[in-house]
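Residue numbers for the sequence shown follow the numbering used here, so the first one is 1 and each next one is one higher. Right, one structure below, let's go through it.
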Amino acid sequence: MIYPTIHMGGTARETLERDYLAALDAVRDAVVALKITAPHARDYPNYPIEEFTAKNEHIVRVCHLVAVEAELELLLDHIINME
Numbered sequence: 001m002i003y004p005t006i007h008m009g010g011t012a013r014e015t016l017e018r019d020y021l022a023a024l025d026a027v028r029d030a031v032v033a034l035k036i037t038a039p040h041a042r043d044y045p046n047y048p049i050e051e052f053t054a055k056n057e058h059i060v061r062v063c064h065l066v067a068v069e070a071e072l073e074l075l076l077d078h079i080i081n082m083e
């Protein structure tokens, strides 16, 4: 991953920190919202095959967002601790 560098001609550290924190908060909210949509057997008439597939697809979606969350945490940590 390429990390931003704080320098005189670039974006201010405070701005980067604020913006990455806002993005991180939004992704965390999205993870919570997505988890609420977990599939239920009652919604899949061809139970159990459709439900099993839907649950697997749901897990993959959650994992994608969690991966983005982890990257944003690394970026934010870098920005906060950069000297």
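Positions of the beta carbon are idealized from the N, C-alpha and C atoms, including for glycine.
- Nearest C-alpha to residue 30 among 83, 74, 82, 69: 69.
- Secondary structure remark: continuous alpha helix (DSSP H) runs of at least 4 residues inside the stretch 30-83, in chain order: 49-81.
- For residue 83, there are no CB contacts under 6 angstroms within the same chain when 5 residues up- and downstream are skipped.
- Remark: C-beta atoms of residue 24 and residue 73 approach each other more closely than 8 angstroms.
- DSSP, read as helix, strand or coil, puts residue 5 in coil.
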